[in-house]
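Everything in the sequence shown is counted per our numbering, starting at 572 for the first residue and increasing by one. Heads up, the beta-carbon is just placed ideally off N, CA and C, and yes, glycines get one too. For clarity, every value in this text was computed on a predicted model and none was experimentally measured.
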Amino acid sequence: MVSRVALRRELGARVRRACEGRVMVARLRVRRVVVCLSLYALALGAPAAAEDIVVARPQFDAEGRALAGSTCFFVDTDDVVGSAAVCAAHSLTLDELALSPMVEFRLGKTQRRVATSTRFFAKPGRAFSLPGGSFSEDLVSFALEAPPAEVRVLEVAEGEPAVGSTLRIFGVPAGVPSDQDDINGTVASVEGDRIHVDLDVSVDLRGWGGAPALDAEGRLVGMLQAAWIHEEKYRLGLTRAADIVAHVAEKLASSDASFSIAAAPSSGRPDPTRPGRPPGLNRNEASDVPTLAGPRAQPQEETDDVSLTLEVEYPPDNAIIGDPLGAFVAGKAYALEGRLRRFDVIFVVDTSGSTNEMTGTDVNENGVVGKSGLFGRADEGDSILAAEIAAATQMLRGFDPRGTRVGLVTFAGDPRTGFPPRQGRAAAITEEPLTSDYARIERSMRRLLDRKPQGMTHMAAGVDQATIELLGLRGGLSQPDPSSEKIVLFFTDGRPTLPYDPVFESENVKAVLRAADRSARASITIHSFAIGPEALDGPVATVEMAARTDGYFTPVRHPGELTEIVDTVSFANVERLELENLTVGSEAQEVLIKADGSWSALVPLEAGKNRVRVTAYGSDGTSLSREVLLQYAPDAPSPDLPREFVTRRNQLLERRLIELKRESDDMVEQTRRELKIEIDRERAAAQERAERQRKELEIKVDPDAEKSAAP
């Protein structure tokens, strides 16, 4: 069956061809022209306008950007919230939707507004194409301010449609000047949470996501979610009407129903504390969620309360696992002050000449320990620069690209004095702007190893360039995100020797501190790593840049240990994470939690049902738990592993292999304890040396000094 718009086009073309024929009898010409014009007008008319319109398209504004979704329809919720609009979650940009204080529903061609919503529930369903997603959850509901005008509120059919019955699916066509179009299809099957419908012909379904499917009596049977080719026919996948009704009743009636938590305040200026993305599946929040009250949730005052959030993103609840190594479980955990934000992270890497020195360890794990000698070096991949790159790469592979963007800045610098004068390179360079494409970052890191380290150590330039990128200022390449948590991971093996002559050490240190103060005013946090003896003998610059920005200073006495030490860094404020199989009473064998709160673990299972509990502990002592039910069936295929989790699972398997090769778990734990004690000892010693260095350089540190506006 072809669409009504297509039929009208074909009829119009045939009538036009017939009317263009030559008429031999002159006296019939006028009558024939009148008839042709009448038929042509009828063909071009819109019969759909004579019947009720049932669909509209959502439109909203996100910080000045006009955005729209696909097809939505309207249902009645009885006494819950009155009329409501229902759309497919995957058809809307939910993180952009969270920035808008209002959604308007407009007709496709005429653009007349038929309904308005300033409320949508705070936890939209998960798109069916995402891990753990399903047709029954790929929904988002809007409570309307008033019943819709010019469109019909749909009645819901009882029961499932019969196989072989015909359904009419209504949508807002793309590229066709019409408020509504419809297509017919035949019910092929009803399986689980979906209805399968076959079409006889191929049609353009762009913009039809969320389209309602009606039975012969015009009652709602399902909602269009997906389309594919099946046995040389176009097959559609629909969400069942029963699941739509359950979703609307549950979500809009619950206490966590609210329009954008981050709706812009009445001043019209965007709220800088808005959440950067919609809440995920299986997420609990310790803090209260705003309730549905009035046309829009009023802006709330910021508090210093820590909100602990825990997500279990994989596998989905009730998943069947067949892996004999156990269940790979992954998610995110945050303990942040105020509201949840995304992360923007800049790696700042020292590429000065001193980073060409060997670490004395096998950094690149090729079986050869690099050493310097009269006839060159045994292994270039074991330098301090190689250790910096290895540590940054290791941290990068633990980040989650869905919520964390990463950039790369390098710094060195040429002296301003000397003869002949040097045509110096830029002291700090943005190798890669902020991006979610981690492969680009890794490629740039590998290229750094091909460049010979050279130059002096202009730390202030590295800090300033990172600030420029994070804020999107002139001279940077990155697009800013005002709502993100901004982090700098700063690696250096020395003291600052620029922008002034190295003999003016005090002035060089002060330049670094001024740069750190500029970062602090922009709410940027710097976590610094002082690598090797030289950096730890005069650590005041790295100690102070972290202290002034509320970051962490980490001493690394032996450069070869840097890759192991970076795993202790966290800017998600999660102290630890525990996973336990409550059914068998055993804990996860391997647990990894990364700096941005991304975590993963291997959990042992026994045949049958297994109840797994995940508990996150915040740095303030708060805790939050989440449970997931898994079924272990030996040799059964496990759920498809999303690409973003493949690297994390491989890291866990590598750790498992390493653990098996070691003598005992006690030895592993003892090694970790000794490393932590050594880090604490070095940190305390560095603080003492920094204090002595302050006195020697007469640097005044006033942590309570009033901070001016951000640059």
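query                                                                                                                                                         : result
Which same chain residues, not among the five before or five after Val816, have their C-beta less than 7 Å away from its C-beta?                              : Val727
Are the region 776-786 and the region 646-662 touching, with three or more C-beta to C-beta distances below 8 Å?                                              : yes
Note down, in chain order, each residue of its chain lying with its Cβ closer than 6 Å to the Cβ of Lys1057, except the 5 sequence neighbours on either side. : Asp915, Leu1041 and Ile1095
For Glu726, is the beta carbon positioned less than 6 Å from some heavy atom of the ligand ZN?                                                                : By its list of ligands, the structure shown contains no ligand whatsoever, and the ligand ZN lies outside what it can speak to.
With DSSP as the reference, identify every bridge partner of Met929, one or two as the case may be.                                                           : Ser954
Between Pro719 and the rest of its own chain, which residues show a CB-CB distance below 8 Å, the 5 nearest in sequence each way excluded?                    : Ala627, Phe645, Ser654, Ala656, Phe676, Val685 and Ala686
Tell me the rounded alpha-carbon separation between Tyr1009 and Val977.                                                                                       : 7 Å
Taking just the CA atoms, how far does Gly1065 sit from Ala1106?                                                                                              : 4 Å
Can you tell me whether Leu1268 is helix, strand or coil according to DSSP?                                                                                   : helix
Among the residues of its own chain, which have a CB less than 6 Å from the CB of Glu1078, if the five just before and after it don't count?                  : Tyr1071
Let me check understanding here. Comparing Cα to Cα, which of Asn1181, Asp971, His1098 and Ser923 lies closest to Lys1023?                                    : Ser923
For Lys1165, which three-state DSSP category applies?                                                                                                         : coil
Do Ala962 and Gly1168 have their C-beta atoms closer together than 7 Å?                                                                                       : no
Under a Cβ-count criterion, where at least 16 other Cβ atoms within 10 Å of its own Cβ denotes burial, should His1029 be classed as buried or exposed?        : buried
Going by beta carbon distance, what residues of the same chain come within less than 6 Å of Arg790, once the five residues before and after it are set aside? : Glu726 and Ala728
Mapping DSSP to helix, strand and coil, what is Val916?                                                                                                       : strand
Cβ atoms of Pro1004 and Leu1048: under 7 Å apart, would you say?                                                                                              : yes
Quick check on the burial criterion: 16 or more other C-beta atoms within 10 angstroms. Buried or exposed for Asp753?                                         : buried
Taking only runs that begin and end inside the region 1152-1200, name each unbroken beta strand (DSSP E) of 3 or more residues, in chain order.               : 1161-1164, 1169-1174 and 1179-1189
Between the Cα of Pro744 and the Cα atoms of Thr681, Ile1097 and Ala1087, which residue gives the shortest distance?                                          : Thr681
Out of Gly1043, Asp1211 and Pro1130, point me to the one whose CA is closest to Met929's CA.                                                                  : Pro1130
Using beta-carbon positions only, say whether Val1217 and Val883 come within less than 7 Å of one another.                                                    : no
Thinking C-alpha only, which one of Ile1102, Pro732 and Gly969 is nearest Asn1292?                                                                            : Past the boundaries of the shown model lies residue 1292; the chain is included only from 572 to 1282, so the question cannot be answered.
How would you label Gly1046, buried or exposed, when you count the other beta carbons within 10 angstroms and need 16 or more for buried?                     : exposed
Could you have a look at Pro1282 and say whether DSSP puts it in helix, strand or coil?                                                                       : With a pLDDT of 47 at Pro1282, under the threshold of 50, the modelled position of this residue cannot be trusted; read the value that follows with caution. Reduced to three states, the DSSP call for Pro1282 is coil.
Should Lys1165 go down as buried or exposed, given a rule of 16 or more other Cβ atoms within 10 Å for buried?                                                : buried
For the alpha helix (DSSP H) holding Thr1038, just list the boundary residues, first then last.                                                               : Met1030 to Leu1042
If you reduce the DSSP assignment to three classes, tell me which class Ile1000 lands in.                                                                     : strand
Which residues does DSSP pair with Ser738 in a beta bridge?                                                                                                   : Before going further, note that residue 738 is Leu rather than Ser in the sequence given. Paired residue(s): Gly756.
Report back the beta-carbon spacing between Arg777 and Val625 to the nearest angstrom; my notes put them in contact at under 8 Å.                             : So it is not a contact: roughly 19 Å between Cβ atoms.
So, at 6 Å on beta carbons, what are the nonlocal neighbours of Asp1035 in its own chain, with the 5 sequence-adjacent residues on each side left out?        : Ala1086
When you compare only the Cα positions, how much space is there between Trp1170 and Ala1159?                                                                  : 12 Å
Would you mind stating whether Ser1055 and Arg1184 have Cβ atoms separated by less than 7 Å?                                                                  : no
What residues in its chain sit with their C-beta under 7 Å from that of Glu1267, if we drop five residues either side in the sequence?                        : none
Could you please give the first and the last residue of the uninterrupted beta strand (DSSP E) stretch that includes Tyr805?                                  : Lys804 to Arg811
Do Val1155 and Glu1177 have their C-beta atoms within less than 7 Å of each other?                                                                            : yes
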